[in-house]
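Each residue of the sequence shown is one higher than the last, beginning at 1 in the working numbering.
For every residue, glycine included, the Cβ atom is placed at its ideal position computed from N, Cα and C.
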Amino acid sequence: MSTFQAPKGTYDLLPPDSAKYLAVREAIAAPLRNSGYGYIETPGFESVELFARGVGESTDIVSKEMYAFETKGGTKLALRPEGTASVLRAALEANLHKVGNLPVKLWYSGSYYRYERPQKGRYRHFSQVGAEAIGAEDPALDAELIILADQAYRTLGLRNFRILLNSLGDKECRPVYRAALQDFLRGLDLDEDTLRRAEINPLRVLDDKRESVQKQLGDAPLLRDYLCDACKAYHEEVRELITAASVAFEDDPKLVRGLDYYTRTTFEFVHDGLGSQSAVGGGGRYDGLSEMIGGPALPSVGWALGVDRTVLALEAEGVELELPAATSVYAVPLGDEARRVLFAKVTELRKLGVAADFSYGAKGLKGAMKNANRSGARYAVVAGERDLAEGVVQLKDMVSGEQTAIGVNEIVAELESRLG
Ligand code: ATP
Ligand code: MG
Numbered sequence: 001m002s003t004f005q006a007p008k009g010t011y012d013l014l015p016p017d018s019a020k021y022l023a024v025r026e027a028i029a030a031p032l033r034n035s036g037y038g039y040i041e042t043p044g045f046e047s048v049e050l051f052a053r054g055v056g057e058s059t060d061i062v063s064k065e066m067y068a069f070e071t072k073g074g075t076k077l078a079l080r081p082e083g084t085a086s087v088l089r090a091a092l093e094a095n096l097h098k099v100g101n102l103p104v105k106l107w108y109s110g111s112y113y114r115y116e117r118p119q120k121g122r123y124r125h126f127s128q129v130g131a132e133a134i135g136a137e138d139p140a141l142d143a144e145l146i147i148l149a150d151q152a153y154r155t156l157g158l159r160n161f162r163i164l165l166n167s168l169g170d171k172e173c174r175p176v177y178r179a180a181l182q183d184f185l186r187g188l189d190l191d192e193d194t195l196r197r198a199e200i201n202p203l204r205v206l207d208d209k210r211e212s213v214q215k216q217l218g219d220a221p222l223l224r225d226y227l228c229d230a231c232k233a234y235h236e237e238v239r240e241l242i243t244a245a246s247v248a249f250e251d252d253p254k255l256v257r258g259l260d261y262y263t264r265t266t267f268e269f270v271h272d273g274l275g276s277q278s279a280v281g282g283g284g285r286y287d288g289l290s291e292m293i294g295g296p297a298l299p300s301v302g303w304a305l306g307v308d309r310t311v312l313a314l315e316a317e318g319v320e321l322e323l324p325a326a327t328s329v330y331a332v333p334l335g336d337e338a339r340r341v342l343f344a345k346v347t348e349l350r351k352l353g354v355a356a357d358f359s360y361g362a363k364g365l366k367g368a369m370k371n372a373n374r375s376g377a378r379y380a381v382v383a384g385e386r387d388l389a390e391g392v393v394q395l396k397d398m399v400s401g402e403q404t405a406i407g408v409n410e411i412v413a414e415l416e417s418r419l420g
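Below, the structure is given as structure tokens:
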């Protein structure tokens, strides 16, 4: 213990568990890399105004959860609470939409910060992998993203997740629905805050988690009954493409993303083993966002998957990831000459790509073998003065316990061939 602890709502990733997080990030990224998405990295902080406009003033993320601060130079910045606004800002700034073919497809991975009430699955620092396809209105793109997220989760071994799907309409049909919903909400028994929300952003009221609110929403008008023909056709095609890919989903007519620039396709991945923090990922189409942050009209679609909650979901299902062994060979030198000889062998093995480690600090055989065991290595290579005088080292199979003398000059090739 030191004087300091990780800040409230955060936790450290430590070995061996941290390997799971790397594997989850990798598993989510692999299908994207394989589908034409290029990697993008943006700063951990941005102008506060980008999020105010790009996420929305009236959202919880901006109004309550943002880590905003002023620099010594008087610039107002915020730690990024999500990825989409930054990615779009960067793409516009670099003119990616002008120099390349549309859509510009990008993926990212990183840390995000929200000042939330910490609980299991809800942290102040968390990690997401996300994907954005910028500048095209094509139902195949919406379908592609949903299919790739499904593929990522399945490759990881997750089974008990569900995909919820809805359409939020567009600037033709949503305003009509919005007005109808507002009329309905005005007639309910709601607290002042919620009534105010109903005036500013009525769709968000549908997302209210409170039982007292939910039980009044049974007869609320549904967007699906208000969709214009273009939105209906678009949504139907997304559904058909996902179905044809054998990806199961559920229509959820009350699923909303409460931001004005979200249009048409919206979806969420939920896992049933996570209690109330059940969303492992979410996304949708955001045709209006580019214009909201001063860019041209660029219809786009994207998602972000939470790495922390995906790891919790894997644990809830009891899925053990097949992680590569951290160490395959562990060298145990007994004496100074053996140290020089085995250190050189370890270096050689590493250059060949074999994961190898070494017993550092003058340890006795017993302590060193304990470390060899702990390292998970398949083989230990032990050498003392007498072995070296005979031109050999001892190769110990840590699984069978079998020990064989192998020539010093042969040991690297022998290990390479045994490890395949
Ligand atoms: P929730 O409804 O649970 O607050 P959200 O709608 O705020 O989620 P998004 O902004 O869509 O979440 O972020 C995408 C994903 O990032 C979520 O599905 C979740 O897996 C993860 N995520 C969001 N906030 C947190 C957090 N505070 N801690 C851990 N993971 C988070
Ligand atoms: Mg949230």
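DSSP places Asn166 within a strand segment (E or B) once states are collapsed to three. The Cβ atoms of Asp170 and Thr263 sit closer than 7 Å to each other. Close CB contacts of Gln151 within its chain, under the 8 Å cut and outside five residues either way in sequence, are with Pro31 (chain order).
In the three-state reduction of the DSSP assignment, Leu79 falls in the strand class. Going by DSSP, Phe249 is part of no alpha helix (DSSP H) at all; its letter is neither H nor E. Contact between Ala325 and Arg378 holds: CB atoms are separated by about 7 Å, below the 8 Å threshold. Looking from the CA of Ile293, the closest CA among Glu49, Lys396, Gly275 and Ala179 belongs to Glu49.
Annotated three-state conformation of Ser300 is strand, per DSSP. Shown here, Val48 sits in a helix according to DSSP, grouped into three states. For Tyr21, the enclosing alpha helix (DSSP H) covers residues Ser18 to Arg33. Taking every protein chain shown into account, the CB of Gln119 has fewer than 16 other CB atoms within 10 angstroms, so this residue is exposed. Distance check between Cys228 and each of Arg204, Arg174 and Phe184 places Arg174 closest, using alpha-carbon atoms only. Uninterrupted beta strand (DSSP E) stretches at least 3 residues long and entirely within the region 334-398 occur at 356-358, 379-383 and 392-397, given in chain order. In the three-state scheme derived from DSSP, where H, G and I count as helix and E and B as strand, Phe69 is classed as strand. Per DSSP, Lys98 lies in no beta strand (DSSP E) segment; the continuous alpha helix (DSSP H) that holds it begins and ends at Leu96 to Val99. Distances from the CB of Gly157 to the heavy atoms of the ligand ATP are all 6 Å or more.
Cα atoms of Leu22 and Leu106: separation of roughly 19 Å, rounded to the nearest angstrom. DSSP, read as helix, strand or coil, puts Val319 in coil. By the 16-neighbour rule on beta-carbons within 10 angstroms, Lys366 is exposed.
In the DSSP assignment, Ser109 falls within the beta strand (DSSP E) that extends over Val104 to Tyr113. Under DSSP, Ser127 forms a beta bridge with Ser111.
Here Leu14 carries a coil assignment [DSSP, helix/strand/coil]. Per the coordinates, the alpha-carbon of Asn409 lies some 25 Å from the alpha-carbon of Ser375.
Counting every other CB atom within 10 Å of its CB across the protein chains shown gives Gly407 a total below 16, marking it as exposed. Contact between the region 11-19 and the region 31-43 is absent: fewer than 3 CB-CB pairs across the two stretches fall below 8 Å. Between Glu70 and Lys76, the gap from beta carbon to beta carbon is short of 7 Å.
Exposed is the label assigned to Asp336, since fewer than 16 other Cβ atoms lie within 10 Å of its Cβ.
Spanning the alpha carbons of Phe343 and Phe358 requires a straight line of approximately 7 Å. The Cβ neighbour count for Leu352, taken over all protein chains shown within 10 Å, is under 16; the residue is labelled exposed.
Assignment of Thr194 by DSSP, reduced to helix, strand and coil, places it in the helix class.
Between Leu165 and Phe267, the gap from beta carbon to beta carbon is short of 7 Å. Counting the other Cβ atoms within 10 Å of the Cβ of Gln128 gives 16 or more, which makes it buried.
Only residues of its own chain outside the window of five on either side were considered, and among them Leu203, Leu206 and Asp207 have a CB closer than 6 Å to the CB of Val256, listed in chain order. Distance between His271 and Ser109, taken at the CA atoms: about 21 Å. Looking only at Asn373, Ser290, Gly295 and Leu305, the smallest Cα-Cα distance to Val329 is reached by Asn373.
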